[in-house]
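Enquirer: Everything in the sequence shown is counted per our numbering, starting at 27 for the first residue and increasing by one. Just so you know, even glycine gets a beta-carbon here, dropped at the ideal spot from N, CA and C. Since the structure is predicted, the reported quantities are computational estimates derived from the model, not experimental observations.
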Amino acid sequence: MAHLFRTLHARFDASPLRGVFTPRKPRNPVLRVLLGLVGVAILSLLLVVGLVVGAAMVSFGLLRAAFRRRPASARGDVLDAEYRVVDKPGQPILR
27 MAHLFRTLHA RFDASPLRGV FTPRKPRNPV LRVLLGLVGV AILSLLLVVG LVVGAAMVSF
87 GLLRAAFRRR PASARGDVLD AEYRVVDKPG QPILR
């Protein structure tokens, strides 16, 4: 099986296709530095945008929780009642 793979692999040369998918660095050192700085700038921009969006989401949630109306029980409109537990048929009684 390994012999078959080696012979098929030797007959198919993928070097022209390999060049399409490999990133190539420019040979000019100034251009290399410039492209490196562009990459760092893009990464820092994405980081800042992510932090701003995250902070906006957290602050929106805190403001919404602060200005939300309180439930009826917190305002004093509580109904007082008496309750009794009803046993289910077929269940053991725990008292």
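(1) Beta carbon of R58, beta carbon of P49: below 8 angstroms?
(2) Could you check where the alpha helix (DSSP H) with R58 kicks off and where it finishes?
(3) Rounded to whole angstroms, what is the Cα-Cα separation between S70 and A92?
Expert: Quick answer:
(1) No. Outside cutoff.
(2) Segment 55-93, the alpha helix (DSSP H) holding R58.
(3) Roughly 33 angstroms between the two C-alpha positions.
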